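Colleague: Can you keep this structure in mind? I'll have questions shortly.
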Amino acid sequence: MQETDVRHALQEYVTDGEPAMGLTADAMLTAGRRSRRTRRLAGVGGAGLAVALAGAGAAVVTGTGLLGPNFAAASPCPSPPGSRPAGTVAADRALPPELVEWAATSVTCHLTTEVPRLLPAAEYAQAPGVEAAPLAGFSLGGEPPIGNRVDAMALIRDAAGTGDLSVSVGVVDRSLGAKAADDCRRSEWFPCSVRTGPNREIVLLSTEDDSLSATEPRNFVVRVYRGHSEISVQASNTDRKAVGDGPPVATRPMPVLSAEQAVQLALSPELYLFP
0 MQETDVRHAL
10 QEYVTDGEPA
20 MGLTADAMLT
30 AGRRSRRTRR
40 LAGVGGAGLA
50 VALAGAGAAV
60 VTGTGLLGPN
70 FAAASPCPSP
80 PGSRPAGTVA
90 ADRALPPELV
100 EWAATSVTCH
110 LTTEVPRLLP
120 AAEYAQAPGV
130 EAAPLAGFSL
140 GGEPPIGNRV
150 DAMALIRDAA
160 GTGDLSVSVG
170 VVDRSLGAKA
180 ADDCRRSEWF
190 PCSVRTGPNR
200 EIVLLSTEDD
210 SLSATEPRNF
220 VVRVYRGHSE
230 ISVQASNTDR
240 KAVGDGPPVA
250 TRPMPVLSAE
260 QAVQLALSPE
270 LYLFP
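Residue numbers (numbering that gives the first Met the number 0): 0 to 274.
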């Protein structure tokens, strides 16, 4: 373990709310990886996605039941979302119920069509701790930032193994994209790149260090800003199941979507819900 790894892991271990007693090299690296992932989710443009994922049960779990996840083909869209309901949206205001229902249906219908197109051989299961069906949009309600966004999650399995996918569409201030891009460019905790989408969207892509071994958990995190919409896509190569007292391990070589597929999904016009 390099000296810089020890120093960074120790700093993160202490600031991550862990007790200092019984500190070992393995424990420091484990805490460092966990803290780095949280920083990355929050750092690529604010804490909204990290908060939403934690609140929706996206954190790791210690068990999946005796039979494990029930994988099956993606369910079809229940009914088209129709036209966007009238109503004002703002970053500091929870979405009205009719907009929540429309946004959740819009996310569901697009994901249940587009993700199987991107992954034609995949099957889907309910994400651990999430009551919604795989790829189905849902809202946790409450105050912003949770109360003005819609999320969708799923475990995804194909011949390469199991990973997970999280998608979030929320309302943010129009100025947030520029700030997020600046934070991305200055990031020292993880590789992060900034690009421009076909409609002048701000696109941020965060990946893992190239030095990670093939057995390490990996995440691709994409965040797109356009108008008042913040569209987030996170793809991983784990099933979120903790191994003993440690974090999840890789359950496939790479995340369920490639980095470019994750960017493509996040740029979907169908997910641009809040002009």
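Glycine included, each C-beta is placed from N, C-alpha and C at the ideal position. Owing to the predicted nature of the structure, the values given are computational and were not obtained by experimental measurement.
According to DSSP, is T237 helix, strand or coil?
Modeller: coil
Colleague: Let me confirm a value: T237 is counted as buried when at least 16 other C-beta atoms fall within 10 Å, else exposed. Which label applies?
Modeller: By the neighbour-count rule (16 or more Cβ atoms within 10 Å), T237 is buried.
Colleague: Could you give the distance in angstroms between the alpha-carbon of S205 and the alpha-carbon of V114?
Modeller: 20 Å
Colleague: For G196 versus R251, is the C-beta distance shorter than 8 Å?
Modeller: Contact: no.
Colleague: Under 7 Å Cβ to Cβ from R184, same chain only, skipping five residues before and after it: list those, please.
Modeller: Contacts found: V193.
Colleague: Provide the residue(s) that pair with L203 in DSSP beta bridges, ordered along the chain.
Modeller: V193, R222
Colleague: Only counting the same chain, and skipping five residues up and downstream in sequence, which positions put a Cβ closer than 8 Å to that of G21?
Modeller: Residue placement at G21 is flagged as unreliable, the pLDDT there being 37, under the threshold of 50; the coordinate-derived value follows with that caveat. None.
Colleague: Could you pull out every unbroken beta strand (DSSP E) segment of at least 3 residues lying fully inside the segment 114–153, listed in chain order?
Modeller: Fully enclosed beta strand (DSSP E) runs of 3 or longer: 122–124.
Colleague: Compare the beta carbon distance of L203 and I155 with 8 Å and say whether it is the shorter of the two.
Modeller: no
Colleague: Hey, could you find the ends of the alpha helix (DSSP H) V325 is sitting in?
Modeller: The chain is shown only over 0 to 274; residue 325 falls outside these bounds and no answer can be derived.
Colleague: Roughly how many angstroms separate the alpha carbons of D91 and A158, rounded to a whole number?
Modeller: 43 Å
Colleague: Helix, strand or coil for A89? Go by DSSP, reduced to three states.
Modeller: coil
Colleague: I'd like to know whether the C-beta atoms of L139 and A151 end up nearer to each other than 8 Å.
Modeller: no
Colleague: Taking 8 Å as the threshold (C-beta atoms), are E130 and F70 in contact?
Modeller: no
Colleague: Are the beta-carbon atoms belonging to V220 and Q233 less than 8 Å from one another?
Modeller: Yes. Within cutoff.
Colleague: How about P190 and P216: are their beta carbons less than 8 Å apart?
Modeller: no
Colleague: Count the other CB atoms within 10 Å of the CB of A72; is the residue buried (16 or more) or exposed (fewer)?
Modeller: exposed
Colleague: Just the Cα atoms here: how many angstroms apart are E97 and G169?
Modeller: Spanning the two alpha carbons is a distance of roughly 15 Å.
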